[in-house]
Each structure stands twice: as structure tokens, then as C-alpha cells.
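As they're listed, the protein sequences go chains A and B. Position 36 of the first sequence, counted from 1, bears residue number 335 in our numbering, the numbering being contiguous throughout. Position 1 of the second sequence, counted from 1, bears residue number 18 in our numbering, the numbering being contiguous throughout. Below is one structure, written out as C-alpha cells; the observations come after it.
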Amino acid sequence: MSAKVSRRDLLIKSGKFILLTSAAAAAWDYVLEGRAEASPNYDVTQHWWAMIIDPEKCIGCGNCVRACEAENDVPSGFFRTWVERYHVEDADMEHPQVDSPNGGHDGFPEKYKDGGKTFFIPKLCNHCADSPCVQVCPVGATFVTPDGVVLVDQKYCLGCRYCIQACPYGCRFLNPKTNTADKCTLCYHRITKGLTTACAEACPTQARVLADLKNPKDPIHEFLRTHSVQVLKPQMATHAKVFYKNLDGSVR
Amino acid sequence: MKDFLRNAEHLIRVVVLLAVGLIAFLVIRRAVIPAEFGKYGHFRPAAMDDVRAKPVKFAGHDACESCHSDEADMKNKGPHAHVNCEACHGPLAKHADDPSALVPQLPDTAVLCARCHEANQAKPKSFPQVATANHSNGMPCNTCHKPHDPRIGG
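Listed below in C-alpha cells is the structure:
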């Protein structure tokens, strides 16, 4: 042992070693979590997403259904959002006739010519804050994000279909390609980048508007103060966050 | 003491087996469950990033208007002001990323306009509607109505 390591060399070398390994460890944490795509400026704690639907503006064109299909690769015959046509005869609110040919994807051919009241109701996942679908999932594959969106973890979902039965609004389906539960994500990949949802972007009459309840500047606050709004099936106590303006009492 | 050890051998075996089982359980649990599981609730936080990794197909009207301000200006002064570009032109994020990668096709007005404006009893009464079959004698809509500002003489 002729070569003697000086104290100075030892300190520099060990310092470099510690620095490099800690940097590598930190980078590896991100690799493990698969965070490459995450937008760094988005803070999940600063948002609480909701949607406003104005049925009086819906013209049943099906643009939202087609946009959702294109944006989210929804298999044909399944719907993350769809439009229903209600026909209520005078003074028989208990028995509305409801149809939704191909989810409203191709529009609505004229069907009712005589009396009664006819209107369109767009539907999608209500992104309930207290959702039955989340409560029944046995593996934690469906959950409410801290910003109020109900999502499905495609890697954890077993395809047991409990959530599909639990949803009071019929918003879920089993994706035949992945064999996992599938549903509206409120375009989570878009809203976290500052864009609106595909359905709201494509709606020609602004019958659907994305809203952020935690943003004090969002017009939803003014809207909720000055309009009569309703959620679907309030008796289910799901704390749904899709608000319908002047909703007709016959809508289920 | 020797007698006790000999007699207790079956008990020790069980305890060792249980301990080995417990250690195996803890090791497997640690390996299988992500460290962040439970950070926000009973789910895997990285699943949010999985959903966010999906590519965007609709660029959004702000992206369109940053280049096509002339068309946007024309549209925004007419009755189609609140209709976003991709409501008619379809999803064009690829075009917004690289204009030469995807050149948008001009929509066929005979199909496009009727999607919204074909008369239907269920549509709101205030929404402009026509029975296309007896409105234009088969002429395409854009003979008279320019889609960006459909008012005649507008």
C-alpha cells in the first residue's frame, strides 16, 4: 500500500458519491411513479370540479357524444356521456317516455308530433363527492381525486362490475377491450392542463359548462346564486356535482 | 429443561412457521403495494397520472384562434360566436401541434348544418330550426349562408 489517500481527496470523493446517489434516488422515485406526463403546475388541492348543464339550451345534436367518443376512444355502443329525450304528456309527469337512440350519437329523428312537452337531457358521470361506486370497489380501483373527479385505476380494476351496479345514474360500463370498468373522467387529462372537457368544447349552444368550485373567480358561484339548480336523484345523497338548471320534475 | 424443549418442539415449529409466514407477508406486501398508496385515500395516486397521460384530441378554441384570428373574428361577430371551432371542424389537436401533419377537411354543410338546425319538436323553441327537405330545394346551405357568419347579408 504505497498510494496514500489524502484526507482532502477522501472528503471530495465521498461528497461526490453522496450527491450523485441521492440525485439518482430522487430521479428514480419519479421513474417508479410514472410521472413523466404530469403537468408540474397543476395543484390537485386547488380545484373542485363540477359541471353545469342547461337543458333549455340542449338541441340534441349529439356533438358531445361524438366528441367524447373521439377524445376518449369510447368503444361504439358504449357511452361516457349520452343525451336522453324526454316526452311528458300533460299532467302525467310520473310516466315520461324516454328514448336515446344510440345515446344521441347520431341525433334524434323526429318522433313526437302532437302535444305534451319534449326536451333533451344530457347525462354523464355526476362526479359525486360521496359516491356509491367508490364505496363498493373491493380493491380501491375507483376513487374520488382530491380535486373531486371520480376515476378508475385501469391497472387495479378487476372487472368485478360492482361499481356498475352501484351507480344510481347508470354512468358506468365494462369496457369490452380492457375488461375494466370505464366511465367519464371529466376529461381529467384536459382539465388538468387548463382545457375544458371535450363535450363542453364541442357543445354548440354551451348547454354544458365545466366549473371549478374552488376557484373564486369561476362564474359558477354567480350562476348558483342566481339560478334554480337541481342534481339528479338528490334523495340518494351522493353529493352529485353535475348541476342542472331548471330541471323538469319528470327527469330521473 | 431438556424435556421441556423436546416436548415443546411442535409448538416452536408452529411459532417459527407463523413468523416465517408473517415476514413473507410483510415482504410481499411491501413489494406489491406502492409506497404512496393511501396518500389521498384508498387508492393509488399514480392512477391519476395514468389518466392524465392520455393525449388530447381537441386542441381547444384558444389554440385555433391564435393562428386563425381572421376566421375567429368573423365568427365571433355573428350568431355562431359561442360555437367553438372544433364543434364543426372536429378534433384537430394534431393540426394544432403541426399544421402540416393533419390538414383539416372542409365539412359538408348539407350534413353539418342539419345536425343542429333540422327542425325537431324537442328542440328549444328559441333555437333557429328549418325542415331542410323543403327549405333550400336541395341547394347546399352555404350557397346562401356562410357558416362562420350565417346571417344573409351579414
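C-beta atoms are modelled at their ideal positions from N, C-alpha and C, and glycine is treated no differently.
Does Gln122 of chain B come within less than 8 Å of chain A when only Cβ atoms are used?
no
Could you check whether the Cβ of His165 of chain B sits closer than 8 Å to any Cβ belonging to chain A?
no
Leu22 of chain B in three-state terms, based on DSSP:
helix
Decide if the stretch 58–78 of chain B is in contact with the stretch 434–454 of chain A; the criterion is three or more beta carbon pairs, one per stretch, under 8 Å apart.
yes
Closest to Pro408 of chain A by C-alpha separation, out of A:Glu383, A:Val528, A:Thr479, would be which residue?
A:Glu383
Measure the C-alpha to C-alpha separation of Pro431 of chain A and Cys462 of chain A and round it to an integer number of angstroms.
8 Å
To the nearest angstrom, how far is it from the Cα of Lys312 of chain A to the Cα of Gly55 of chain B?
39 Å
Alpha-carbon to alpha-carbon, Trp347 of chain A and Met91 of chain B:
35 Å
Does the Cβ-Cβ distance between Gly359 of chain A and Asn137 of chain B come in under 8 Å?
yes
Given this structure, state the Cα-to-Cα distance separating Ser549 of chain A from Asp87 of chain B, to the nearest angstrom.
45 Å
By the criterion of Cβ-Cβ separation under 9 Å, what are the contact partners of Ala150 of chain B in chain A?
Per Cβ cutoff of 9 Å: no residues; Ala150 of chain B is ~11 Å from chain A at best.
When you compare the CB of Arg489 of chain A with every CB in chain B, is at least one pair closer than 8 Å?
yes
Under 7 Å from the C-beta of Pro116 of chain B: neighbouring residues of chain A:
None at all; the shortest Cβ gap to chain A is about 19 Å.
If contact means a Cβ-Cβ distance below 8 Å, which residues of the stretch 67–81 of chain B contact chain A?
Asp67, Val68, Arg69, Ala70, Lys71, Pro72, Val73, Lys74, Phe75, Gly77, His78
So is Glu103 of chain B in contact with chain A if we call contact Cβ pairs under 8 Å?
yes
Interface partners of Lys140 of chain B on chain A, CB under 7 Å:
Ile358, Gly359
For Lys312 of chain A, three-class secondary structure by DSSP:
helix
Measuring only the C-alpha atoms, how far is Arg307 of chain A from Pro339 of chain A?
40 Å
Identify the contact partners of Gly58 of chain B in chain A, using a Cβ-Cβ distance below 9 Å as the criterion.
Val433, Gly439, Phe442, Val443, Thr444, Pro445
Cα separation between Val258 of chain A and Thr441 of chain A?
Only positions 300 to 551 of chain A appear in the structure, and residue 258 of chain A is not among them; the question remains open.
Extent of the continuous beta strand (DSSP E) to which Thr417 of chain A belongs:
416–423
Beta-carbon contacts of Thr160 of chain B that lie in its chain and below 7 Å, excluding the five residues immediately before and after:
none
Out of curiosity, what's the CA-to-CA distance linking Phe42 of chain B and Ile50 of chain B?
12 Å
Nearest neighbour of Phe144 of chain B, chosen from B:Asp114, B:Pro157, B:His112, B:His97 [CA to CA]:
B:His97
If we cut at 8 Å on Cβ distances, does Ala98 of chain B have a partner in chain A?
no
Three-way DSSP call (helix, strand, coil) for Glu53 of chain B in this model
coil
Are Cys470 of chain A and Cys486 of chain A touching if we call contact CB-CB under 8 Å?
no
How would you list, in chain order, the residues of chain B whose beta-carbon sits under 8 Å from the beta-carbon of Glu255 of chain A?
Nothing about residue 255 of chain A can be reported from this structure: the residues present for chain A run from 300 to 551 only.
Figure out for me which residue from A:Lys513, A:Leu450, A:Thr380, A:Lys476 has the closest Cα to the Cα of Thr344 of chain A.
A:Lys513
Comparing alpha-carbon positions, which option in B:Cys81, B:Asn93, B:Lys111, B:Phe60 lies nearest Lys74 of chain B?
B:Lys111
The stretch 493–504 of chain A: which residues have C-beta closer than 8 Å to a C-beta of chain B, in chain order?
Leu494, Thr495, Ala497, Glu500, Ala501, Cys502, Pro503, Thr504
In chain order, what residues of the same chain lie with their CB nearer than 7 Å to the CB of Phe418 of chain A, ignoring the 5 residues before and after it?
Pro354, Tyr385, Asp547
At a Cβ threshold of 8 Å, is Asp452 of chain A touching chain B?
yes
Have a look at Ala335 of chain A and His78 of chain B and give me their C-alpha separation to the nearest angstrom.
Legend: pLDDT at Ala335 of chain A = 37, less than 50; position of this residue unreliable, value from coordinates given subsequently. Cα to Cα, the separation comes out at about 26 Å.
Determine whether the Cβ of Cys130 of chain B lies closer than 8 Å to any Cβ atom of chain A.
no
Considering only C-alpha positions, which residue in the set B:His134, B:Gln122, B:Leu119 is nearest to Gln146 of chain B?
B:His134
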